[in-house]
Structure formats: C-alpha cells, structure tokens
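Each residue of the sequence shown is one higher than the last, beginning at 0 in numbering that gives the first Met the number 0. One structure is given below, encoded as structure tokens.
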Amino acid sequence: MEYTKSEAKAYCREHMTGVWAALTTPFTAEGELDEEGLRRIVRTCIDDLKIDGFFCNGLMGEFWSLSPEERKRVQHIVCEESRGGAQTIPHTPHINITEAVELTKHAEEVGADYAIMINPVYGAHDDDEIFLYFKTICDQIDIGLSLFNQPKSGTTLSPELIERLCTLENICCIKNAVPSMAHQSEVRRRVGDEIVVCDPNEEHFLVSLLHLGMQVHMSSPVPYLFQVPGYTPIRDYYEAAMAGDVEKAWQINYSLEPLRAVRKKYFTTGPNGRTTAYLKEWTKLLGLPAGEPRPPIVPLTQREKDAFRKDLEATGILDKVKG
Numbered sequence: 000m001e002y003t004k005s006e007a008k009a010y011c012r013e014h015m016t017g018v019w020a021a022l023t024t025p026f027t028a029e030g031e032l033d034e035e036g037l038r039r040i041v042r043t044c045i046d047d048l049k050i051d052g053f054f055c056n057g058l059m060g061e062f063w064s065l066s067p068e069e070r071k072r073v074q075h076i077v078c079e080e081s082r083g084g085a086q087t088i089p090h091t092p093h094i095n096i097t098e099a100v101e102l103t104k105h106a107e108e109v110g111a112d113y114a115i116m117i118n119p120v121y122g123a124h125d126d127d128e129i130f131l132y133f134k135t136i137c138d139q140i141d142i143g144l145s146l147f148n149q150p151k152s153g154t155t156l157s158p159e160l161i162e163r164l165c166t167l168e169n170i171c172c173i174k175n176a177v178p179s180m181a182h183q184s185e186v187r188r189r190v191g192d193e194i195v196v197c198d199p200n201e202e203h204f205l206v207s208l209l210h211l212g213m214q215v216h217m218s219s220p221v222p223y224l225f226q227v228p229g230y231t232p233i234r235d236y237y238e239a240a241m242a243g244d245v246e247k248a249w250q251i252n253y254s255l256e257p258l259r260a261v262r263k264k265y266f267t268t269g270p271n272g273r274t275t276a277y278l279k280e281w282t283k284l285l286g287l288p289a290g291e292p293r294p295p296i297v298p299l300t301q302r303e304k305d306a307f308r309k310d311l312e313a314t315g316i317l318d319k320v321k322g
C-alpha cells in the first residue's frame, strides 16, 4: 500500500482510472479452485486486453461459495499476478465483522491497492446500524475501502447515508450498482468531489466519462467478455475518448450493441436469472478457464448452452477467438 490511511481518498482519486474487470473464479473439473486458471485469466487481461485493475471475490467470483481460505488464496494470486501491471480491489465482506476485518487485513498484507465491501446482508439494516458496521471495520484497517452499493444484498444505501459514510477517513470510492440514474446523479452531487464514484454498467461508461466526471469503469466482467486478444473495443473507445477523439469513441462504442444485447438477455432478465452460470459459459467459449459454478447455482443444460452459443456466435466475437 503506497499511502497512509489519511491519504486514501486522494490516492484513490489520482490512481483509480481506466478499465477494471470483475473476475470470475475458475474451478477445476473436481470443483476445486483452479489456481493456474486464475493466473491465466489475470495475465490475459493484463497482457492482451490491457485491463487496468481487478475486482476479485465479488458476485461474479462466487464469493459466497468460497471458504475464507479460498478467498484469501484468490486475493494472493490476483495481487501477485497483477503486481506492476494492474491495480487490485479484493471484495472482503462478511456478516461477522471480525472475519471481514481479517479478510481485509489479509488483502492489505498481500499487496492489494484497495478493498471493497457490499452492503451488510444481515444484522445491519437501518442507517445507524449500517454506519456502525462500516465504522467498526474502518477503525481497524488502514487500506482504502470502497462501498459496493448493490441492492442484491437486500439493502440499498441512500445518497444521504453514502454522504455520511464518506466522513469515515478511508472510505475512498463507491461502486454504485443502483439502476436509478436519479440516485446516481444525487450520489455524484453529494460526494463526487470527495471520493471516486463508479457506475458499474459499461453501457453508461462513455457518456459518464465524457460528461459526468467518471474516471473509471469499476467494474464488471464485460472487459473480458466483450474483448479478446487482438480485439479490444472497450480499451479502444476509452483511449479515443481520453485523446479527445469523441467521434471515434462513439463509433467503437456503438459497435458493441450486439454483445450488450446478449448480456442483457442472459444476465439481466435471462432464463431463471442464472447470471453466474451464463458468465462461466461465456468465459469458456472465449477460451478462458472457468469450470462449472458451485452449488447452489444450477448449471446450464446442454439445450441452454446451445441456445446461448448460437446467440453469442451471431455477434461475431467467437470468430475473433484465436487458437
């Protein structure tokens, strides 16, 4: 960690930029953590897709199915493989505050740049309880901590509570996964000058980058689902926008609509809502390690896999996969 606790906000605002990916956690055929597969995903993302940072052990990483030891091992591998090439933000929540602090301190020890926590899923529900949850954790850690405002947790942080949480010294970012644009705008108005505010929907990234002061796509799996070695449209439209070539940026951005349509069909309102199972299948079809999801996620049937592959083939991205 290259900053003190009191410097977390300023450090994050200066260094958290670019395109970040929310990693899947690959498993072997026996259902164990695929360590070499995880290393391969990270190296592909850095070397070939030019990803700037990684969110690991999140919803896309099936953190609920991982043991504490596996979560720590994922932290270690991602931080080790990223060192010198990309930043890292492990997801370190736990219902038990002691466990959350332990996971967060481990992330700091293995070289993470920041940590991130979803809203409490049990035990803390009203604003005072949620504030105390985060304050108790922040009092015991030094690393910069990002909020992950995800309604799937069962609670949603209001803009007022987010502003209150930003008074904690090392709260430095929010990944605000709330679909309401009014909520997004109000959060930016209240805390956008203090912390990094991220809308994780890639579809909003370019307009937010150009007009709303957003500096990073943090984060989703689309940087490795919409891109393959030799074809990096998200990186390309980001760099075009940063260079001031707005027309080129929008042309590249619009070319992603077929892929976005597939993502929306299967991830947002897809069959049985089994985002994780389709994420793993998409990853495999692009030639990256994935394995099957762990229970209680129901694996896809062959019929579901065939229908999904047909839709993905129609976008042309599978033709771009080499080897």
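Quick reminder that beta carbons are idealized off the backbone N, C-alpha and C, glycines included.
For residue i, count neighbouring Cβ atoms within 10 angstroms of its own Cβ and tell me buried if that reaches 16, exposed if not.
i      : result
Ala28  : exposed
Met15  : buried
Asp33  : buried
Tyr265 : buried
Trp19  : buried
Glu303 : buried
Leu299 : buried
Trp281 : buried
Lys71  : buried
Gln183 : buried
Ala114 : buried
Tyr339 : This structure does not reach residue 339, given that the chain is present from 0 up to 322, and the question cannot be answered.
Thr330 : Lying outside 0 to 322, the shown extent of the chain, residue 330 is not represented and no answer is given.
Gln301 : exposed
Measure the CB-CB distance between residue i and residue j and report whether it falls below 8 Å.
i      : j      : result
Met213 : Gly52  : no
Ile170 : Cys197 : no
Pro92  : Ala99  : yes
Phe147 : Met180 : no
Tyr236 : Leu205 : yes
Thr275 : Pro294 : no
Cys137 : Glu159 : no
Ser219 : Pro232 : no
Lys321 : Gly229 : yes
Val261 : Asp310 : yes
Thr87  : Asp47  : no
Gly17  : Val215 : yes
Cys44  : Val195 : no
Lys319 : Val221 : no
Looking only at its chain, what residues have a beta carbon closer than 6 Å to the beta carbon of residue i, apart from the 5 residues adjacent to it on each side?
i      : result
Cys55  : Leu22, Val73, Val77, Pro89
Leu324 : The first residue shown for the chain is 0 and the last is 322, placing residue 324 beyond what the model contains.
Lys283 : Ala289
Which same chain residues end up closer than 7 Å to residue i when comparing Cβ atoms and leaving out the 5 residues on each side of it in sequence?
i      : result
Lys247 : Ala239
Leu211 : Arg187
Ile94  : Val120, Tyr121, Gly122
Glu69  : Leu32
Gly36  : Pro25, Pro288
Lys8   : Cys171, Glu193, Ile194
Leu209 : Ala240, Val245
Nearest to residue i by CA position, among the options, is which residue?
i      : options                        : result
Val190 : Asn200, Thr166, Val177, Val206 : Thr166
Lys296 : Asp305, Thr282, Leu278, Leu311 : Here residue 296 turns out to be Ile, not Lys, going by the sequence shown. The option with the nearest alpha carbon to Ile296 is Leu278.
Glu6   : Glu303, Glu193, Thr275         : Glu193
Ile161 : Gln226, Ile129, Gln139, Pro178 : Ile129
Leu65  : Gly229, Glu80, Gly30           : Gly30
Ala289 : Asn200, Lys309, Leu224         : Leu224
Phe133 : Ala111, Thr97, Ser207, Ile50   : Thr97
Ile50  : Tyr2, Lys71, Glu80             : Glu80
Glu202 : Leu156, Trp249, Met241         : Trp249
Asp126 : Thr155, Leu209, Thr103         : Thr155
Arg42  : Gly243, Gly153, Gly83          : Gly83
Ala176 : Gly57, Gln301, Arg38           : Gly57
Within 8 Å (strictly less), CB to CB, does residue i reach chain B?
i      : result
Thr155 : In the displayed structure, chain B is absent; only one protein chain is listed.
Between residue i and the rest of its own chain, which residues show a CB-CB distance below 8 Å, the 5 nearest in sequence each way excluded?
i      : result
Arg163 : Asp126, Phe130
Next on the checklist: Taking 8 Å as the cut-off, does the segment 95-114 touch the segment 132-145 (at least 3 CB pairs, one atom from each stretch)?
Outcome noted: yes
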